[in-house]
Every structure is written in C-alpha cells, then in structure tokens.
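Going letter by letter, the sequence shown gives residues 536 to 828 in my numbering. Ideal Cβ positions, reconstructed from N, Cα and C, are used throughout, including at glycine. If you're wondering where the values come from, they're calculated on a predicted model, not measured in any experiment.
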Amino acid sequence: MNIAPGVFSTVPYATAALPHSDFRRLSALIHSQCGIKMPDAKKVMLEARLRKRLRALVISSFREYCDFLFSPEGMQQELPEMINAVTTNKTDFFREPRHFDFLVGSALPDLMPACGTGMRRGLKIWSAGCSTGEEPYTIAMALANARDENYPGLDFSIEATDICTRALAYAKRGVYKAERIAPVPACLKKKFMMRSKDKSSELVRVAPEVRAMVAFRKLNLMDRDFGFDAPVDIIFCRNVIIYFDRPTQEKLLGRLCANLLPGGYLFMGHSETLNGLSMPLMSVGPMVYKKAP
C-alpha cells in the first residue's frame, strides 16, 4: 500500500466506531510492542488517537487501517507512527521538584565520596521515558548549577530515551513556549534559557551548553538490551510504569535494577509503587529508592 505523504483525497473521514474485534487486535499489538496496557475502558481514547492516522493515510475505516497495519508493509511503515499516536507525552520542567532537591542535596553528596562519582569518573544519569525533554534538561540544569556553586569540576552525562520518535525530535530542538518554562526558577532561567531575538516571540530555547549535556535516543523499554555499555548511577523512570500491567512492571523494574550500579538511585513517579515487588531497592525518600550495595 503506497501512501503519498501530504496528499489529500476525497475519501470520507471515518465516522464508524472502532470495531471491538479490531480493538482487541490493536490492544494486543500495543501490549506486545511497548508494554502499554489497553483495557476496554481505553477504547474511546485509542479510537480518537487513531482517527488522526486514518486521516493522514487517507483511509476510510478502522478495518482497512488494521489490514494495512498488520501487513508486512504496515509493520515497517505504520507501526512506529501508531506507537507515536498511542504513547502519552505528559511532562513538565521541575515536575515533582523535591526529586531535584534530593538529587543535588542527597544523592550527589552520597555518590561522590563513596566511589568518586563525578570526579574520578563521570556521573551517569538515565532519563527513561523522557518524552519531550523537560525532565533531562531539568536534571542538566540542576547539576550544572550545583557544579557552579559547590562542585567545581563535576563531570556528568545524561542519556535520555523514549519510544516516541515525535517526542524525541521535539526534545532535541530544546525549544519551548514561555509558559512551559514557568516552573523553572528565575535564576536558572537566566543562566540556562535563551529568549528569541524576536521580542514578540513566546518561544524560549534551552542554552547550547545544557543541550550538549543530554544525548537523546530511541529506546523501547520492552527491549531486553537497553544499549548501555555499563550500569548507570541514577535512573529517572517517573510516571512510566503506570501504563503497564503488573507482570510487565516487575520485568521492567528488574531490568532497571540490572542497569543500576549498587548504591545507585532510582527516582519514580508519585503514583507508582513497589509494594509487593521483590527488588534490591530500599526507600530513601518520597518515591526515591537506593539499590543495595
């Protein structure tokens, strides 16, 4: 099926609801590909998001869309777009600000003397499920500011990953509306944000030195190999596992722990819990865990 991008057609916009049989096929595919649970209660949400794909592909029914998606050509061409459509990219600068206070005030001072992290070797941080980039850029600003104020010579690197290619492209640009950077403290805005030369523009860009601290790449958290050469010191995986069922959560957390150095820190979202899961982690703060040495 050859779809010419940007071509408009007189094919009518799909008005019929997503058949339940096709919803079942799609929910099973979404779960197998990226771990996201898609119960019946999310049928309307999935239908609304996929209508945009039908319109983009000039397809008039969900049945036709599924026939294309599940074809060899569709698995190659459309599957990444479908995943982009169904993933949720909700994030903010300095979301759950206590985590960044803990990062700078507790985790960093603990790791530095324990193993020379950040001095004798670089501190390695992973932002998993980074969405449109606000989280890794917040981490970068917090650590860069700590380096300037208290830790001269602090060396760190941040790897930010997400399955959504559209979100990653947005994140790499590092350009946001002024209202989006409202949570950033004024002193950090002045140091690490750039206003447009166009005074009427409401866009702000993350400074080049901060963008250089973050490496973005696509990663599916369902992959067995996350692509790291060695375990990292700190993982931010916040408001990610809430989209997975319990068995998938347990498998993912096990892999996260395997990629975290002993004594390293895992930051999770406020609505997530490790209750009932056997992990080599101990709670050291609100949704902050430390891996057993």
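- Restricted to the region 757-826, the beta strand (DSSP E) segments that are unbroken, complete and at least 3 residues in length are 767-772, 795-803, 816-820 and 823-826, listed in chain order.
- Nearest Cα to A642 within the set L678, Q611 and V579: L678.
- For M580, the closest C-alpha among the options L553, S731 and E599 is that of L553.
- Per the DSSP secondary-structure output, Y711 pairs in a beta bridge with V739.
- Going by DSSP, D697 is part of the beta strand (DSSP E) stretching over F691 to D697.
- Under the DSSP assignment, R559 falls in the alpha helix (DSSP H) whose first and last residues are H555 to C569.
- A straight-line Cα-Cα distance of about 15 Å links P607 and E616.
- For a cut-off of 8 Å, the C-beta gap from L788 to K753 is around 21 Å, too long to register as a contact.
- With 16 or more other Cβ atoms from the protein chains shown falling within 10 Å of its own Cβ, N774 counts as buried.
- DSSP places A750 in the uninterrupted beta strand (DSSP E) bounded by V749 to K753.
- Annotation for Q568: L614, I618, N755 and M757 place their beta carbon closer than 8 Å to its own, counting only its chain and skipping 5 residues before and after.
- Judged by beta-carbon spacing, E737 lies within the 7 Å limit of K712, meaning their Cβ atoms are closer than that value.
- Annotation: L638 is outside any beta strand (DSSP E) and is labelled neither H nor E by DSSP.
- Looking only at A742, L791 and I776, the smallest Cα-Cα distance to F761 is reached by L791.
- Within the model, the alpha-carbon separation for V819 versus E684 is close to 25 Å.
- The C-beta separation of T673 from F605 comes to about 39 Å, leaving the pair out of contact by the 8 Å criterion.
- Taken atom to atom, the span from the alpha-carbon of N810 to that of S595 is near 45 Å.
- Judged by DSSP in its simplified three-state form, I594 adopts coil rather than helix or strand.
- Q784 is classed as buried because its beta carbon has at least 16 other beta carbons within 10 Å across all chains shown.
- At a Cβ-Cβ threshold of 7 Å, L796 and P766 count as neighbours.
- For T626, the closest of L658, S662 and H566 by C-alpha to C-alpha distance is S662.
- Straight-line measurement puts the Cα of I698 at about 24 Å from the Cα of D602.
- DSSP places R655 in the coil class of the three-state scheme, outside both helix and strand.
- In the displayed model, A721 falls within a helix according to three-state DSSP.
- Straight through space, the alpha carbons of K577 and S692 are spaced by roughly 37 Å.
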